[in-house]
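Q: My structure is below; once you've seen it, I'll send some questions.
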Amino acid sequence: SYYLRAGARLDLDDLDGALADANDAARLNPGSAFAFARRSAIYTRKMLYERASADCRKALSIDPENADALSDCASAAWRLDELERVLADYDVLLKRFPDDAALIGERAELLFAMERKAEAFAEAERAVRKNPASPDALLHRGAILEQDGQIQASFNDYEKAIGLDPENGWGYEARAYWFIGEGQIAQALADCKTMAEKLPKAPASYRCLSRASWE
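Below you can see the structure in the form of structure tokens.
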């Protein structure tokens, strides 16, 4: 019951209440991978990545196949700059979900960050081929292209992603930073405002607005 209520409170953005319930769930059933995975998700939302990592690793020690824990562990490890560990987590996830284009795209961005560029481009292309209608796959490929200096190609991917899912605020963020890089500040600010409308509770929305306003 505590585990379920923690999930409901997490959906309601009551992070402190969710954490209290997750603590009780883990205390009452210390052998539950689900309890630790739930608490890891809460710590991730609170941006307490070391605690999130500890809990998701605990969940995986109980249930190595727990997909939520694997995803949280990958996210936390990336924030903590533990890239080899992120790659290992993604490899396990992809064995379970081999057709997840967004996941393949995330792994491609990771490979690029690890300076394994040839593999990164191959994976990014594979993600888009796997699902050409996936905005996430396009955003990941666009990010790699932009970092590689292929400016127009990256913009094309951002445009396609937004066209496929106009409600996805992350597409506007990607295009906003592209506009900033090209000195098109009015367009960047407009995209940041749209992002904030779509994702009013995401700190990244306000970083976007602040950066565009500064420029």
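Numbering (my numbering), first residue to last: 91 to 305.
Each residue gets a CB set at the ideal place from its N, CA and C atoms; glycine is no exception.
Owing to the predicted nature of the structure, the values given are computational and were not obtained by experimental measurement.
What did DSSP end up calling N156 once you bin it into helix, strand or coil?
A: For the purposes of this step, residue 156 is taken as the residue at position 66 of the sequence shown. DSSP places N156 in coil when its eight states are reduced to three.
Q: Residues in its own chain within less than 7 Å of T134 by CB, not counting five upstream and five downstream?
A: Looking up residue 134 in the sequence shown gives position 44. Correct list, in chain order: A142, D162, S165 and A166.
Q: Assuming E257 and K288 are in contact, meaning their beta carbons sit under 8 Å apart, how far apart are those beta carbons, in whole angstroms?
A: Here residue 257 refers to the residue found at position 167 of the sequence shown. Here residue 288 refers to the residue found at position 198 of the sequence shown. E257 to K288, Cβ: 6 Å. Contact.
Q: Distance check for L170 and D158, CA to CA, integer angstroms please.
A: For this step, residue 158 is matched to residue 68 along the sequence shown. For this step, residue 170 is matched to residue 80 along the sequence shown. Roughly 18 Å separates the two Cα atoms.
Q: What alpha helix (DSSP H) runs, 4 residues minimum, are completely inside the segment 170 to 203?
A: Within the segment 170 to 203, the complete alpha helix (DSSP H) runs of at least 4 residues are 173 to 186 and 191 to 203.
Q: Taking 6 Å as the limit between beta carbons, can you name the residues of its chain near V176, skipping five residues before and five after?
A: Indexing the sequence shown from 1 puts residue 176 at position 86. The answer, listed in chain order, is A164, A167, W168 and L200.
Q: Taking the alpha carbon of L100 as the point to measure from, which residue in A127, Y296 and N119 has its own alpha carbon closest?
A: The residue given as residue 100 occupies position 10 in the sequence shown. Closest option to L100, Cα to Cα, is A127.
Q: Pull up the distance between the alpha-carbon of V182 and that of A286, whole angstroms please.
A: Taking the first residue of the sequence shown as position 1, residue 182 is located at position 92. Taking the first residue of the sequence shown as position 1, residue 286 is located at position 196. Cα-Cα distance, rounded: 34 Å.
Q: Return helix, strand or coil for A223, following the three-state DSSP convention.
A: In the sequence shown, residue 223 corresponds to position 133, counting from 1. Here A223 sits in coil by DSSP.
Q: Quick one: what does DSSP say A108 is sitting in, helix, strand or coil?
A: Within the sequence shown, residue 108 is the residue found at index 18, counting from 1. Correct three-state label for A108: helix.
Q: Kindly indicate the opening and closing residues of the alpha helix (DSSP H) around K250.
A: Locating residue 250 in the sequence shown gives position 160, counting from the first residue. K250 -> alpha helix (DSSP H) spans I241 to L254.
Q: On the three-pair Cβ rule with 8 Å, is the segment 185 to 198 touching the segment 215 to 225?
A: The answer is yes - the segment 215 to 225 touches the segment 185 to 198, with three or more Cβ pairs under 8 Å.
Q: Considering only their Cβ atoms, is the gap separating A96 from D106 smaller than 8 Å?
A: To locate residue 106, count along the sequence shown from 1; it is residue 16. To locate residue 96, count along the sequence shown from 1; it is residue 6. It is not a contact, given that the beta carbons lie outside the stated cut-off.
Q: How should I132 be labelled, buried or exposed, when 16 other C-beta atoms within 10 angstroms of its C-beta is the threshold for buried?
A: Here residue 132 is taken as the residue at index 42 of the sequence shown, counted from 1. Label assigned to I132: buried.
Q: Is it true that the CB of R219 sits closer than 8 Å to the CB of G195?
A: Indexing the sequence shown from 1 puts residue 195 at position 105. Indexing the sequence shown from 1 puts residue 219 at position 129. In this structure, R219 does not lie closer than 8 Å to G195 by Cβ.
Q: How about T284: is its C-beta nearer than 8 Å to some C-beta of chain C?
A: Absent from the structure: chain C. Only one protein chain is present.
Q: Which value, in whole angstroms, describes the spacing of the CA atoms of Y180 and P120?
A: Position 90 of the sequence shown, counted from the start, is the residue given in the question as residue 180. Position 30 of the sequence shown, counted from the start, is the residue given in the question as residue 120. If you take the alpha carbons of Y180 and P120, they lie about 26 Å apart.
Q: Would A203 and L228 qualify as a contact pair, given that the criterion is a beta-carbon distance under 8 Å?
A: As a working mapping, residue 203 is identified with position 113 in the sequence shown. As a working mapping, residue 228 is identified with position 138 in the sequence shown. Going by C-beta atoms, A203 is not nearer than 8 Å to L228.
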